[in-house]
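Protein chains: 2
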Amino acid sequence: MQDARFDILGIGNAIVDVVAPCDHGFLSKHDMHPGSMRLIDAAAAEALYAAMPPGTESSGGSAANTCAVAAGLGARVAFQGKVAQDQLGAVFRHDITAARVHFPTSPLAGGAPTARCLILVTPDGQRTMNTFLGACVMFDESDLLIADIEEAKVTYLEGYLFDPPYAQAAFVRAARAARAAGRQVALSLSDPFCVDRHRAAFLDLLADVDILFANEAEICSLYETPDFADAMVAARADVQLAALTQSEQGSVILSGDEVFAIAAAPAKLVDSTGAGDAYAAGFLTAYTAGRDLPACGRLGSLAAAAVIEHYGARPRTDLRALAAQ
Amino acid sequence: MQDARFDILGIGNAIVDVVAPCDHGFLSKHDMHPGSMRLIDAAAAEALYAAMPPGTESSGGSAANTCAVAAGLGARVAFQGKVAQDQLGAVFRHDITAARVHFPTSPLAGGAPTARCLILVTPDGQRTMNTFLGACVMFDESDLLIADIEEAKVTYLEGYLFDPPYAQAAFVRAARAARAAGRQVALSLSDPFCVDRHRAAFLDLLADVDILFANEAEICSLYETPDFADAMVAARADVQLAALTQSEQGSVILSGDEVFAIAAAPAKLVDSTGAGDAYAAGFLTAYTAGRDLPACGRLGSLAAAAVIEHYGARPRTDLRALAAQ
Numbered sequence: 424m425q426d427a428r429f430d431i432l433g434i435g436n437a438i439v440d441v442v443a444p445c446d447h448g449f450l451s452k453h454d455m456h457p458g459s460m461r462l463i464d465a466a467a468a469e470a471l472y473a474a475m476p477p478g479t480e481s482s483g484g485s486a487a488n489t490c491a492v493a494a495g496l497g498a499r500v501a502f503q504g505k506v507a508q509d510q511l512g513a514v515f516r517h518d519i520t521a522a523r524v525h526f527p528t529s530p531l532a533g534g535a536p537t538a539r540c541l542i543l544v545t546p547d548g549q550r551t552m553n554t555f556l557g558a559c560v561m562f563d564e565s566d567l568l569i570a571d572i573e574e575a576k577v578t579y580l581e582g583y584l585f586d587p588p589y590a591q592a593a594f595v596r597a598a599r600a601a602r603a604a605g606r607q608v609a610l611s612l613s614d615p616f617c618v619d620r621h622r623a624a625f626l627d628l629l630a631d632v633d634i635l636f637a638n639e640a641e642i643c644s645l646y647e648t649p650d651f652a653d654a655m656v657a658a659r660a661d662v663q664l665a666a667l668t669q670s671e672q673g674s675v676i677l678s679g680d681e682v683f684a685i686a687a688a689p690a691k692l693v694d695s696t697g698a699g700d701a702y703a704a705g706f707l708t709a710y711t712a713g714r715d716l717p718a719c720g721r722l723g724s725l726a727a728a729a730v731i732e733h734y735g736a737r738p739r740t741d742l743r744a745l746a747a748q
Numbered sequence: 424m425q426d427a428r429f430d431i432l433g434i435g436n437a438i439v440d441v442v443a444p445c446d447h448g449f450l451s452k453h454d455m456h457p458g459s460m461r462l463i464d465a466a467a468a469e470a471l472y473a474a475m476p477p478g479t480e481s482s483g484g485s486a487a488n489t490c491a492v493a494a495g496l497g498a499r500v501a502f503q504g505k506v507a508q509d510q511l512g513a514v515f516r517h518d519i520t521a522a523r524v525h526f527p528t529s530p531l532a533g534g535a536p537t538a539r540c541l542i543l544v545t546p547d548g549q550r551t552m553n554t555f556l557g558a559c560v561m562f563d564e565s566d567l568l569i570a571d572i573e574e575a576k577v578t579y580l581e582g583y584l585f586d587p588p589y590a591q592a593a594f595v596r597a598a599r600a601a602r603a604a605g606r607q608v609a610l611s612l613s614d615p616f617c618v619d620r621h622r623a624a625f626l627d628l629l630a631d632v633d634i635l636f637a638n639e640a641e642i643c644s645l646y647e648t649p650d651f652a653d654a655m656v657a658a659r660a661d662v663q664l665a666a667l668t669q670s671e672q673g674s675v676i677l678s679g680d681e682v683f684a685i686a687a688a689p690a691k692l693v694d695s696t697g698a699g700d701a702y703a704a705g706f707l708t709a710y711t712a713g714r715d716l717p718a719c720g721r722l723g724s725l726a727a728a729a730v731i732e733h734y735g736a737r738p739r740t741d742l743r744a745l746a747a748q
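Listed in order, the protein sequences are those of chains D and A.
424 is the number of the first residue of the first sequence in our numbering; add one for each residue after it.
424 is the number of the first residue of the second sequence in our numbering; add one for each residue after it.
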């Protein structure tokens, strides 16, 4: 892979997470589908926040999490996403910058506040997310820094970015700019309901995607099949490389005629928030360093294990030891 | 003890904590005294934040932590303290309210932002704190809700509130109002350097204090002695009840001629932030429920153990099981 200024450039929603524990009764009382992400407006966010237990705030956003973990693993990383000019925006900017991620996107002045995701973690470690997109809805093509995209080995796009109204066009433009510069494009499907909302657009985009990340529910949603084996066959026909995760069962990497089964790394599950993001980070860090596919999957598994043992989507510890493995 | 609307009413700085891990080299590079609290201005807060690793935000403030833990243990609790009308102020209000603490103080509109404390946690679990007081400096006598103070069994004052310029007068007035209503007053010394800054005022206030909380360093600072035994003798002469904590060695309760030695509860130390606050919460919850002094100390130890096993000063779990013990 040709050298570049960045190994990975992520584009996604710039979100601050508010994480609190709850029981399953709280989820059903507030009509949440366990393990999913739903979009809520400002009024619903306020009402749900008022009903929630005390929380902990930390920077989140799917691609942003991936970027922070990859930088912790030693990759050279950039991120593009929209925060507002407010306290939570300052928190997001601090955290991603302190994680050694280049983050040049200018904040939104006035208008909506920085996006937040109200995350309820049930005793089984599953996270259920309620996202108020806030300033993210203003991310559009004019926010893309094409020169940086052209200088990144892999441009990584989160599926959630299909939800904000102007971001889809930016998404497609970023993918094509990366491809035109001889770079690669990775896409994460993010969530089965997100896939359901934007299935046709996702399938169209696959023509410009080199590496697809998805979990079992997401890839089955994309191809509208309940059968993972069928979904694998369909994915193999659509992309040259797919990494499909299956929680504690590990992951499957599909590359042309090759299939690699990768075990999950042992971990004591506390909060699964960010597991898929961290897997993509580990995978892409190894991939852009020229490692073989099983090594990419193994670093993905190790990175995922490192974030599910505590509350929050980003690592608490120095990850360079993982990368050395 | 005569019944009242509240068991405990805390008055203190209303602060959002920003917690990040660091090594001892980072502390010395930034001239921090390990384990202490120092006050910093807005510019220093910005510079230190920029240099800090990625953090996690959660509601803090010494007396506010005590209030949240006590409410979790089943006590009826109120808190008075000043936040600004901003995002971090909304976070503080949400968390203390969600912890079932009555919090009627109106926010500061315009002016300084909500206070924050940049907390660096070293690998030994010790926390070193850098407080930007923000809106707290505007807390004054007009913020006191005297009717609530008169309706609380114990009014609990944090020593840190001696630092904001207008709060000392409010502090003295609150203590006297509580006493005049036949209620009791508890004081936490908060920090040896805070004691050093305000020693004469603290010694004056003891005339209006029924219950004194301090750790070894704080009580030795108050009486300017390196000897804990000497400090105990002095404290016994000044207050009718003192609970003096000694980290993993537990605590000593002094009441007239009686002395009770209380063991620490077993815990795996991750972050000592909030240990003293939680001890006071456990102690006062049992005390206002009419339990004997050793039982008060034991609930203090259990509550402290519950918060030092994770990052942050407030409990992550339901504490009512502790109270049942």
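Built from N, CA and C at the ideal position, the CB exists for glycine as well.
On a predicted model such as this, the values are computed, not experimentally measured, just so you know.
### Task
Take the Cβ of D:Ser529 as the centre, count every other Cβ of all protein chains shown within 10 Å, and call the residue buried at 16 or more, exposed below.
exposed
#### Entry: Contact list for A:His517 against chain D, beta-carbon separation under 8 Å
Tyr472, Ala473, Met475, Pro477 and Gly478
### Message
Between A:Ala522 and chain D, is any beta-carbon pair separated by less than 7 Å?
### Response
yes
### Query
Of all the CB atoms in chain A, is at least one closer than 7 Å to the CB of D:Leu511?
yes
### Task
Report the neighbours of A:Pro444 on chain D: residues whose CB is nearer than 7 Å to its CB, in chain order.
Arg739
### Task
Please determine, among A:Leu664, A:Val524 and A:Ala728, the residue with the shortest C-alpha to C-alpha distance to A:Ala486.
A:Val524
### Task
Find out if the Cβ-Cβ distance for the pair A:Phe616, A:Pro587 is shorter than 7 Å.
no
#### Entry: Ordered list of beta strand (DSSP E) runs contained in the region 674–747 of chain D, each at least 3 residues
674–678 and 681–685
### Opening and closing residue of the beta strand (DSSP E) in which D:Pro444 lies
Ile438 to Pro444
### Message
D:Ala703 and D:Arg489 - do their beta-carbons sit closer together than 7 Å?
### Response
Note on identity: in this sequence residue 489 of chain D is Thr, with Arg being the wrong assignment. Against a cut-off of 7 Å, the Cβ pair of D:Ala703 and D:Thr489 comes out as a contact.
### Message
Quick check on this structure: which residue in A:Arg606, A:Gly433 and A:Pro444 has the alpha carbon closest to the alpha carbon of A:Asp694?
### Response
A:Pro444
### Message
Within 7 Å of any Cβ in chain D, is that where the Cβ of A:Ser565 sits?
### Response
no
### Query
Is A:Gly495 helix, strand or coil by DSSP?
helix
### Under the three-state DSSP convention, the category A:Ile569 falls into
helix
### Task
Can you give me the Cβ contacts of D:Gly557 inside the same chain, cut-off strictly under 6 Å, excluding the 5 residues immediately before and after it?
Ala535, Pro536, Thr537 and Ala538
### Query
For D:Ala501, is the beta carbon positioned less than 6 Å from some heavy atom of the ligand SAM?
Summarising the ligand content, the structure contains no ligands, and the ligand SAM is consequently not present.
### Query
So A:Ile519 is in the alpha helix (DSSP H); what residue range does that whole segment cover?
Gln510 to Ala521
### Task
Express the C-alpha separation of A:Ala712 and A:Asp571 in angstroms, rounding to a whole number.
19 Å
### Query
Helix, strand or coil for A:Asp627 per DSSP?
helix
### Given A:Thr479 as reference, the closest of D:Leu742, D:Ala747 and D:Ala736 once Cα atoms are compared
D:Ala736
### Query
Since A:Ala686 meets chain D, which of its residues come closer than 8 Å, beta carbon to beta carbon?
Ordered by position in chain D, no residue passes the 8 Å Cβ test against A:Ala686, which lies about 29 Å from the chain.
### Query
Taking the Cβ atom as the reference point for each residue, do D:Phe594 and D:Leu580 lie within a distance shorter than 7 Å?
yes
### Task
Check the Cβ-Cβ distances between D:Ser529 and every residue of chain A, and say whether any is below 7 Å.
no
### Query
Going by DSSP, what residues sit across from A:Ala538 in a beta bridge?
A:Ile438
### Task
Can you tell me which of the three DSSP states A:Ala666 falls into?
strand
### Message
Which complete alpha helix (DSSP H) runs does the region 546–623 of chain A hold, if anything under 4 residues is left out?
### Response
569–573, 590–603 and 615–620
### Query
Between the C-alpha atoms of D:Gly548 and D:Ile438, what's the straight-line distance to the nearest angstrom?
21 Å
### Query
Looking only at its own chain, which residues have a Cβ that is under 7 Å from the Cβ of A:Gly720, when we skip the five neighbours before and after it?
Ala666, Ser674, Ile676, Phe683, Ile685 and Phe706
### Query
Do A:Lys576 and A:Ala427 come within 7 Å of each other at the CB atom, strictly closer than that value?
yes
#### Entry: Contact set between D:Gly705 and chain A, taken where Cβ atoms lie within less than 9 Å
Per Cβ cutoff of 9 Å: no residues; D:Gly705 is ~18 Å from chain A at best.
### Message
Is it buried or exposed, D:Lys452, if we count other Cβ atoms within 10 angstroms and call 16 or more buried?
### Response
exposed
### Task
Could you say which of D:Val506, D:Asp741 and D:Arg461 lies nearest to D:Gly435 if we only look at CA atoms?
D:Val506
### Task
With a 10 Å radius around its C-beta and 16 neighbouring C-beta atoms as the bar for buried, classify D:Met424 as buried or exposed.
exposed
### Query
Taking the DSSP output, what are the residues bridged to A:Gly433?
A:Phe502 and A:Tyr579
### Task
Check the DSSP bridge columns for D:His525 and list the partner residues they point to.
D:Ala501
#### Entry: Endpoints, the alpha helix (DSSP H) within which A:Ala637 is located
From DSSP, A:Ala637 is part of no alpha helix (DSSP H) but of the beta strand (DSSP E) over Ile634 to Asn638.
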